[in-house]
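Participant: Residue numbers (our numbering): 270 to 885. All residues carry an ideal CB built from backbone N, CA and C; glycine is no exception. I am attaching a structure below and will ask some questions about it afterwards.
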Amino acid sequence: MKEEIARDALIATADILNKAFLKGEAVGPYALVKQGCLIVRHRPEGPYPVVVPCPGVRFIINGRECTQPIPVSSKDTVQLETVKEMRKGEWSVTVSSDGLQAILRVRPTVELYRELPDLPPARILQLSVVEREELHPPLTWDELLQELSRLGINYGIDWEACFRAVTSCDEEEVVVARGIPAEPGKDGRVELLFPLNPKVPVVAKEDKAVDFRKRFVFTSVEAGEILAVKHPPEQGRPGTSVKGEVILPPSPRDFILSAGEGAVLTGDGERVIAARSGRPAVSRWGNLVKVSVLPELVHNGDVDLASGNIVFKGDVLITGNVTERMVVEADGNVRVGGLVSGARVQAAGSILISGNILSSVIIAGRVPTHLQRMLPQVHALAVGLQEMTMAIRQLLGHPAFKQGDLKGGIGPLVKLLLEGKFSHLPAAAGTFRKQVETMPLGMAAEGLEEFVREVERVLVRSPLAVRDLQEIETLAARAGEWEQAFAFTPSTESDVEASSVHNSTVIATGDVRVVGSGCYISRIEAGKKVTVSGVFRGGEIHAGGDVHVGELGAKSGAATRVVTGPKAVVTVGHAFENALILIGGRAYRFNKEEKNVRLLLDKDGNLRSYSMATTS
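Right, here's the structure in full:
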């Protein structure tokens, strides 16, 4: 209704202007559009109305198309033609990377129709159009069937979805075929039929009496007991891709069960049985699970010149002290009821010292023998690759170096360095490869063999094929990770716990806990966490995990520092000036006394210090 009223008003206005013009009344020049035609009125002597073209309309005057504003005379021959436009649609069928879906992506064809509306009289007439879109499917049923056939898609086709897609005028993605995913199997497992004892028992506070027979109770077994049962893996079910191909499920993980000392393996390899009484223990490396029964030696009194050193393939319990220049070595855990002074205590398991550690060396946990042999090679690779990275970066940044000489990559530069300063790296890579190949069955950690292949590719077989510095940087970082893994790769995580530490070295592949007054002028190395309830004054802490210290450093400014990996969190109850924290190579030195501090690397790798009072 509104459109009809507007049109009638337009016609009436045009008639009035036209009559006025015919009567010779003072009416200015004008042009209007009526029913798709341009009507022009002006006096013979002018001036003339001006018409402004617009996109979507061909404005042809006297046989020539005009795209700019132009005066129009009543004697001119004028044509107005609307332009029809078509945007061709697109479609494609793709198969997902896992082969389980065929996806049809469609964008419809668009036909754009334009109409020229009636426009009221104006001295400067701006042309305009009314547009209308019509959408059409971009493909036909036959085209879709041909494409599915061409791609080999013949399984799990959703014909209803196909029909909807070829008749749809929407831009969308439609899954037109679905395969059946493979069902993964179940990994094998080793079931332990004995409880795992705590790593290190909790030590009572200094002012409380110590009852070793009640506080140090470890799991024990009798000869003939079944210690472990191997459950074989269960295979999964294959699936089918949209191309009808069989999708094999991933192979489930299997384990190798073996018996260590004091235990025997049944003929079918599925059970381990205790051959003697003692403490059951388990160690794991890769897919190998070894179960043993360790004996326990109880030494009443001190370890001194009268008793001699103690070396025992099992657990050792010492009710007294370990005195000057004495040695205690055990393949299991060591528990000392008194103190350790001027001695060395080493255990494959954990070490618990009820008293203090004075001028001694304490080592808990050990790296398997084959890893000890491999450590020098992986260390040489880690250091050498890091130095090579720095050397290449310096050469590439030197003004005399021509970047155009290495358009095909930095391979020639790598080869040149391997023939000169870094000639030892190919030999280290070869030795490392042979050592990995001769590792015990099931001992190779996941990713180790792939790392060896990549090292040989870059350093031995194809150094000329190295494209950019990032390849060397990545390899150097991986070598460093493997070095750290080899340095702290025990069969079990072994801990050390003591009351206090003075002028000593304490090394553990697991945690180190000092529960008494603290540590003084000592070095602590832990594969995992370090906790010092009291003070740590003078010396260093190196930890693979988090560190907590009650009081760090001293007013005298004694050199004290803590070194951890990039993912660690360090908390300090009270830090003195000049104490140093290094997390992932980033340093933070206290320039004044601070309390309740929490330090860690943020997401950008910057070392941040927070007050625990404000972050809690």
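So the alpha helix (DSSP H) Ala430 belongs to, where does it begin and stop?
Facilitator: Here the alpha helix (DSSP H) through Ala430 covers Trp428 to Thr436.
Participant: Nearest by alpha-carbon distance to His500: which of Ser520, Gly493 and Gly538 is it?
Facilitator: For His500, the nearest C-alpha among the options comes from Gly538.
Participant: Mind pulling the alpha helix (DSSP H) runs of 4 or more residues that sit fully within the segment 675-705?
Facilitator: Taking only runs of at least 4 residues, the alpha helix (DSSP H) segments lying wholly in the segment 675-705 are 680-688.
Participant: When you compare only the Cα positions, how much space is there between Gly779 and Ala633?
Facilitator: For Gly779 and Ala633, the distance between alpha carbons rounds to 8 Å.
Participant: Taking the alpha carbon of Leu574 as the point to measure from, which residue in Leu369, Gly853, Asn590 and Ala430 has its own alpha carbon closest?
Facilitator: Taking only the C-alpha atoms, the option nearest Leu574 is Asn590.
Participant: Closer than 8 Å is the cut-off here; do at least three beta carbon pairs connect the segment 762-776 with the segment 789-807?
Facilitator: The segment 762-776 vs the segment 789-807: in contact.
Participant: Which complete beta strand (DSSP E) runs does the segment 510-565 hold, if anything under 3 residues is left out?
Facilitator: Runs found: 525-528, 532-534, 540-543, 548-554 and 557-563.
Participant: If we call anything under 8 Å between Cβ atoms a contact, is Glu384 one with Thr363?
Facilitator: Against a cut-off of 8 Å, the Cβ pair of Thr363 and Glu384 comes out as no contact.
Participant: Excluding the five sequence neighbours on either side, which residues of its own chain have a C-beta within less than 6 Å of the C-beta of Leu373, listed in chain order?
Facilitator: Contacts found: Val362, Ala434, Val443 and Val445.
Participant: On a CA-only basis, which of Ile330, Cys438, Val399 and Asn331 is nearest Lys357? Give me that one, please.
Facilitator: Of Ile330, Cys438, Val399 and Asn331, the residue nearest in Cα terms is Cys438.
Participant: For Ile661, does the three-state DSSP call read helix, strand or coil?
Facilitator: Helix.
Participant: Output the distance between the C-alpha atoms of Pro518 and Val652, rounded to the nearest integer angstrom.
Facilitator: Answer to the nearest angstrom: the Cα atoms are 40 Å apart.
Participant: How far does the alpha helix (DSSP H) with Asp411 in it extend, from its first residue to its last?
Facilitator: Element bounds for Asp411: Trp410 to Arg419.
Participant: Is there a C-beta anywhere in chain D that falls below 8 Å from the one on Glu334?
Facilitator: The chain inventory of the structure shown lacks chain D, comprising one protein chain alone.
Participant: If you compare alpha carbons, which of Ala696, Glu846 and Ile626 is closest to Gly787?
Facilitator: Checking every option, the nearest Cα to that of Gly787 belongs to Ile626.
Participant: Please identify the residue among Pro645, Pro681 and Ile422 whose C-alpha is closest to the C-alpha of Leu694.
Facilitator: It is Pro645.
Participant: Are at least three pairs of beta-carbons, each pair with one atom in the segment 325-345 and one in the segment 394-403, less than 8 Å apart?
Facilitator: Yes: the two stretches touch, three or more of their Cβ pairs being nearer than 8 Å.
Participant: Just to confirm, is the Cβ distance from Val818 to Val801 under 8 Å?
Facilitator: Yes, they are a contact pair.
Participant: Candidates Leu388, Glu440, Asn860 and Gly618: which alpha carbon is nearest Val765's?
Facilitator: The residue with the shortest Cα to Cα distance from Val765 is Gly618.
Participant: Determine the extent of the beta strand (DSSP E) in which Glu441 is found, giving its start and end residues.
Facilitator: Residues Glu441 to Arg447.
Participant: So, for Phe487: in the same chain, excluding its five sequence neighbours on each side, which residues have a beta-carbon less than 8 Å away from its beta-carbon?
Facilitator: Per-residue confidence for Phe487 stands at a pLDDT of 49, beneath the threshold of 50, marking its modelled position as unreliable; the derived number appears in the next sentence. Asn466, Arg548, Glu565, Asp584 and Asn602.
Participant: Within the continuous alpha helix (DSSP H) that includes Arg722, where are the two ends?
Facilitator: It spans Leu717 to Glu725 - the alpha helix (DSSP H) in which Arg722 sits, taken as one unbroken run.
Participant: Look up Met643 in the DSSP assignment and say whether it is helix, strand or coil.
Facilitator: Here Met643 sits in helix by DSSP.
Participant: Quick one: give me the first and last residue of the beta strand (DSSP E) that Leu396 is part of.
Facilitator: That residue, Leu396, is in no beta strand (DSSP E); it is neither H nor E in DSSP.
Participant: Identify, in the order they occur along the chain, each residue of the same chain with its Cβ nearer than 6 Å to the Cβ of Val347, setting aside the five sequence neighbours on each side.
Facilitator: So the qualifying residues of the chain are Leu307 and Ile330.
Participant: Rounded to whole angstroms, what is the Cα-Cα separation between Leu862 and Val841?
Facilitator: The question names Leu, yet the displayed sequence has Glu at residue 862. Cα to Cα, Glu862 sits roughly 11 Å from Val841.
Participant: For Ile280, which of helix, strand or coil comes out of DSSP?
Facilitator: In this predicted model, Ile280 has a pLDDT of only 47, less than 50, meaning its place in the structure is not dependable enough to derive any value.
Participant: Quick one, are the C-beta atoms of Ser629 and Arg613 less than 8 Å apart?
Facilitator: In contact: Ser629 and Arg613 (Cβ atoms closer than 8 Å).
Participant: Report all residues from its chain with a CB closer than 8 Å to the CB of Asn569; omit the five preceding and five following residues, and keep chain order.
Facilitator: Answer for Asn569: Thr588 and Gly589, listed in chain order.
Participant: DSSP on Ile243, reduced to helix/strand/coil?
Facilitator: This structure does not reach residue 243, given that the chain is present from 270 up to 885, and the question cannot be answered.
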